[in-house]
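*Asks:*
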Amino acid sequence: METTKSPDGTVIAYERTGDGPPLVVAVGTSPVLVLGGSTSADWFHRTVQETANAVPGARLVMVEGYDHGIPPEVIAPVLTEFFLGTTPAAQGTSGFRPLR
1245 METTKSPDGT VIAYERTGDG PPLVVAVGTS PVLVLGGSTS ADWFHRTVQE
1295 TANAVPGARL VMVEGYDHGI PPEVIAPVLT EFFLGTTPAA QGTSGFRPLR
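Below you can see the structure in the form of structure tokens.
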């Protein structure tokens, strides 16, 4: 994935596939949270890492013990912390691991 900025500073993440136009993956200036599960397949780990790398300032969190089907009661604290800007749960004992 590659990134560029529009004239107004909006970050655009995109991927080039073949000769066609690039596939836009993400557009925005808001904080970005990329989530993954620690038991997901290797290709999923690479995908979430590449996605987080493509978006400047993105926060990548891997949830220990789950694949990409994380139940609502497990993911809710991660989302709450992100939206409220509180201390990452991974610094406690909840099993969340922010990677950046």
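With the numbering used here applied, the sequence shown corresponds to residues 1245 to 1344, in that order.
We put the CB at the ideal spot given by N, CA and C, even for glycine.
Kindly list the residues whose CB is nearer than 6 Å to the CB of P1251, restricted to its own chain and excluding five residues on each side of it in sequence; keep chain order.
*Replies:* Contacts found: none.
*Asks:* Assign T1254 to one of three DSSP states: helix, strand, or coil.
*Replies:* Residue state, collapsed to three classes: coil.
*Asks:* Mapping the DSSP letters down to three states, classify V1292 as helix, strand or coil.
*Replies:* Reduced to three states, the DSSP call for V1292 is helix.
*Asks:* Quick one: what does DSSP say E1259 is sitting in, helix, strand or coil?
*Replies:* Correct three-state label for E1259: strand.
*Asks:* Since V1305 and L1279 are thought to touch, with beta carbons under 8 Å apart, how far apart are those beta carbons, to the nearest angstrom?
*Replies:* With a Cβ gap of about 6 Å, V1305 and L1279 count as contacting.
*Asks:* Is DSSP giving L1304 helix, strand or coil here?
*Replies:* Three-state DSSP puts L1304 in a strand.
*Asks:* So, under 8 Å CB-CB, T1247 and P1300 are touching, yes? Tell me the CB distance rounded to an integer number of Å.
*Replies:* Right, their Cβ atoms sit about 7 Å apart.
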